Every structure is written in C-alpha cells, then in structure tokens.
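For what it's worth, our numbering labels the leading residue of the sequence shown as 561, then goes sequentially.
Virtual Cβ for every residue (Gly too), placed ideally from N, Cα, C.
Bear in mind the structure is a predicted one, so any value in this text is a computation, not a measurement.
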Amino acid sequence: MTSLKKFEHKIYSQNGEDGIIALLLDCVGRDNKYFVEFGVQDGTECNTRYLREHANFTGLMMDGGNENHAIGLYKEMVTVENINHLFNKYKVPTKFEILSIDIDGNDLWVWQAIDEKYQPKIVVMEYNPHLPPPINATIPYSIEHRWDGTCFYGASVAALNQLAQEKNYTLVYCDSKGVNAFFIHNQYLKDFTKSFTLPTPETAFIPAYCCNTTYGETHYKVGNYQMIGHGRVDQSQRQFVEYPSGKSIVIPEIDVNFSNS
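Given below as structure tokens:
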C-alpha cells in the first residue's frame, strides 16, 4: 500500500498538511465545500487557506487574537462552554468537509464538546508529540490555559484516537513533522482503505522535533523515542490527566527534575 507521506505538500499550511487534506478530500468528496478552523492566527499560514483561495471553499475561521471579516476570520476565544454557541452564531452547517483544531491546549476537550449533530468528514487535530503511545493523556480542561512554551499542552495521539473512536472517526495519518493527526469519519473509510492501510497510534506517531524555536530545544527520551522538544514541565505543580478517567499522571521523562543518571 502507498504511504501518505509522499502526498505531503506545503502551500499555505505549516508543513505538508495542504497535500494530505487534498488527498483526503479525494476520498470523502467535496459536495459541501465548507470548513471550520480555529487557532489560525491571522490566517496566513493555516490548513484551509488554499481551499478558500483556490478551491472555492467557504468557511469559518476563529482565533483569540486576530480578525479579518473579509476572509471569514473572527476574533473568538474558543472554549468548551461556547463552541456550540459559536457554531450556531456563525451558522456552521451540520455537514461539512473539514474541522481543524490547533489551540495549543484544550484541543481534545473542545472537540469532545462539539455537538454530535455536526459531522465534519475530516478532522485535523494538533497532538502533543512529547507523549508517545501508549500514553493516553491530555492537559486537564482549564478555560484559563495559555501555552507557555513548555511541553504542557494538548493531548497525546492515543487520547485523540480514543475520542475519535467515540465520535465515529478513524485515525488515518500523522504528518511527518509530528504536529497534526488526521481522522476521517467512518462513513468514508471504504474509499480510503482501497489504497491505504489504516495505521495504529503506534505506527502513525511521529515524535517531537522542535528545533530552533523561540523557546529553545530540550532533548528527551520517552519510551523508545528520542525527541527534541519544548521545555520540561514542573509536574509537582501541574499534571497531565488520563483520558477519559481524568486521573492525574506523572510522566517522569518530561519533568523538570528528571535525571538520566
């Protein structure tokens, strides 16, 4: 079976997401030509700009610090409490092509909170590449969360995969930079699996490789994975939680007090 990696292609996306999205749209169809994406900054580099500018898509973009109504970008802080209100406010259709979430924190909780009447064909989720399978974890929900440059953000691909299964979606790919996980609704799996093999979280996962960032580089070994990531977290002050139990867990290898000796 063909690997999806060869289809990665960057036009306006952060990495190769533009190419993967185009491929997945070939599988699920483009009958609605509508997207929702939040966490887009000013909309210059995001997963749906190409669709908006070159593929006759319309849609809703939201960001906590930017707005540009001319391109459908609205300044909104997206939370568990308001996500369905926002979908109603901006008249999001119940069936559409793509939902893309990248808010550096409560990503899993917001997806979980979206009403089941909304059925995007494709869901693109930023995952935390410091948390390899089988770690099934996310940050606890907090409306006050703001990313601080450490590895304390988001959810593991295993946790997102579990939520996806609850919502009738299947993991199909993680991009080669270890940033986004791609899911498609089970209704469209048949066409996908004609050409591609479904991965597991273990085979899809790509570890953190965050070089030359504003926040510096930290070298980790978590399980069998060597990675270069964001800063360590003080887990005496805050912990990830298992999904869906909510039980606090400590991951020693990413703690500020971890020592290899």
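For the pair Ile788 and Thr778, the CB atoms are nearer than the 9 Å cut-off. Under the three-state reduction of DSSP, Glu627 is assigned to coil, being neither helix nor strand. Exclusion of the five residues before and after Gln601 leaves Asp623, Gly625, Asn626 as the residues of its chain whose Cβ lies within less than 8 Å of its Cβ. Sorting His690, Asn616, Val683, Ser796 by C-alpha distance to the C-alpha of Asp591 places Asn616 at the top. Inter-residue distance for Leu584 and Glu568 is about 11 Å (C-alpha atoms, whole angstroms).
Annotation: Ala715 is outside any beta strand (DSSP E) and is labelled neither H nor E by DSSP. Here His705 has Gly665, Asn666, Ile699 as same chain residues with Cβ atoms under 7 Å from its own Cβ, once five neighbours each way along the sequence are excluded. A distance of 9 Å or more separates the beta carbons of Lys681 and Ile580. Here the alpha carbon of Cys734 sits roughly 5 Å from the alpha carbon of Ala764.
For Asn740, the enclosing beta strand (DSSP E) has its first and last residue at 740 to 745.
Between Tyr687 and Leu720, the beta carbon gap of about 6 Å places them in contact (Cβ cut-off 8 Å).
For Phe756, no alpha helix (DSSP H) segment is defined, and its DSSP state is neither H nor E. DSSP, reduced to helix, strand and coil, places Thr698 within a strand of the structure shown. Separation of Ser702 and Met637 (C-alpha to C-alpha, rounded to the nearest whole angstrom) is 13 Å. Check the Cα spacing between Ala582 and each of Phe598, Gly603, Thr604, Arg612: the tightest is with Arg612. Under DSSP, Cys734 forms a beta bridge with Ala741. With a cutoff of 9 Å on beta-carbon distance, Gly632 and Leu646 are scored as not near each other. Distance between Lys565 and Leu731, taken at the CA atoms: about 15 Å. At the C-beta level, Glu597 and Ile643 stay beyond 9 Å of one another.
Secondary structure in the segment 589 to 624: the alpha helix (DSSP H) runs of 4 residues or longer, each lying completely within the stretch, are 609 to 614 in chain order. Looking at the DSSP output, Ser808 shares a beta bridge with Val801.
If you check the CB distance, Val684 and Ile663 do not come in under 9 Å. In this chain, the beta strand (DSSP E) harbouring Gln679 covers 679 to 686. Exposed is the label assigned to Pro694, since fewer than 16 other Cβ atoms lie within 10 Å of its Cβ. Assigned with DSSP and collapsed to three states, Ile658 falls in strand. In this structure, the straight-line span from the alpha carbon of Val793 to that of Ile809 is close to 13 Å. Under DSSP, the beta-bridge partners assigned to Met787 are Tyr780.
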